[in-house]
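As structure tokens, the structure follows; a few thoughts come after it.
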Amino acid sequence: MAGYARRGVHGQTVETLAHRVLGGEIAEGATLDLAALQAELGVSLTALRESLKVLAAKGMVDARQKRGTFVRPRADWHLLDADVLRWRFETAGRQQGEGAAARAASPLLRDLDEVRGIVEPAAVRLAAVRRTDADLAALETALTAMAGARDGAAEAVAADLAFHRALLAASHNELLERMDQVLASGLAARDRLVHGPGHHPRDPVPGHRAVLAAIRAQDPDAAEAAMHRLLAQAARDLAELSAGGSGAGAAGGSSAGRAAGAERAAGA
């Protein structure tokens, strides 16, 4: 499905409805009162229906004769869809409060950590074998941007996303390349926290440079080891940020602990 315009009445309506469904304000199985929503949101019935079509395409709502428009079971939601992931991170942040520690301890970020630990070490092994000169250039460009990203979180986030997208592309596995849609929303949410005001993470450039060097040398073992070290560093940064929140123990003891163990196994 083509992306929708996030701005304007249509985009605002989609975002509002999505957050309400994902946050449980509109429960699974609930039938929507379109007339009441139309009046509350101040939109036309046509605009409301068009917004619901976006959510229907993502498996979140459906419409049936005699029943109307209703929220589908969570098992039907396209949880790997980039928009749904973004909405989930935003909704979780609102529910847990605006504190960085609470958001850093989000189970969603734990899930992201675990997915990255499965996907990226495998992808980097393939990249080390299959990379082209164009792949190396894309990774180098992203690394250069990362090194120069000193003026705020936005630049650091963009550079990190560019590097990891280029890494997946360098695997030359079409399905792995599509994983960037899953990782991008999560990485962006994580990076905005880690690089946010008042937090000073470790310099990400050396870890990423080590991954690139191993890919350039076409050494899959070294590339995998470097990626495990990079993920361990990412887990430590997040665990330190969440240390002030109630979920700090879980974050540091599970995901970060496993990443640190992987680092030791890799000979870091």
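Quick note on numbering: the numbering used here labels position 131 of the sequence shown as 236, and the sequence is numbered without any gaps. Even glycine gets a Cβ: it sits at the ideal position worked out from N, Cα and C. Predicted model, so just to flag it, every value in this text is computed and none were measured.
Buried/exposed call for residue i, threshold 16 Cβ in 10 Å
i      : result
Leu185 : exposed
Gln170 : exposed
Thr249 : exposed
Pro309 : buried
Leu390 : A question about residue 390 goes unanswered here, because the residues of the chain that appear run from 106 up to 373.
Asp326 : exposed
Ser149 : exposed
Ala344 : buried
Whether residue i touches residue j by CB criterion (8 Å)
i      : j      : result
Ala275 : Arg221 : no
Ala228 : Leu281 : yes
Thr196 : Gly128 : yes
Asp285 : Ala261 : no
Ile131 : Leu244 : no
Asp342 : Arg314 : no
Arg172 : Thr136 : yes
Ala328 : Arg230 : yes
Reduced DSSP category for residue i - H, G, I as helix; E, B as strand; rest coil
i      : result
Gly291 : helix
Thr118 : helix
Ala367 : Only weak support exists for where Ala367 lies, its pLDDT of 40 falling under 50; the coordinates are left without a value.
Asp265 : helix
Arg177 : coil
Val234 : helix
Val166 : strand
Whole-angstrom distance between residue j and residue i, CA atom to CA atom
i      : j      : result
Ala293 : Ala264 : 10 Å
Ser290 : Leu213 : 11 Å
Ala232 : Gln323 : 8 Å
Leu153 : Phe268 : 38 Å
Ser347 : Thr151 : 43 Å
Rounded Cβ spacing between residue i and residue j (contact assumed at less than 8 Å)
i      : j      : result
Gly134 : Val176 : 6 Å
Gly164 : Trp192 : About 13 Å separates the two Cβ atoms, so there is no contact after all.
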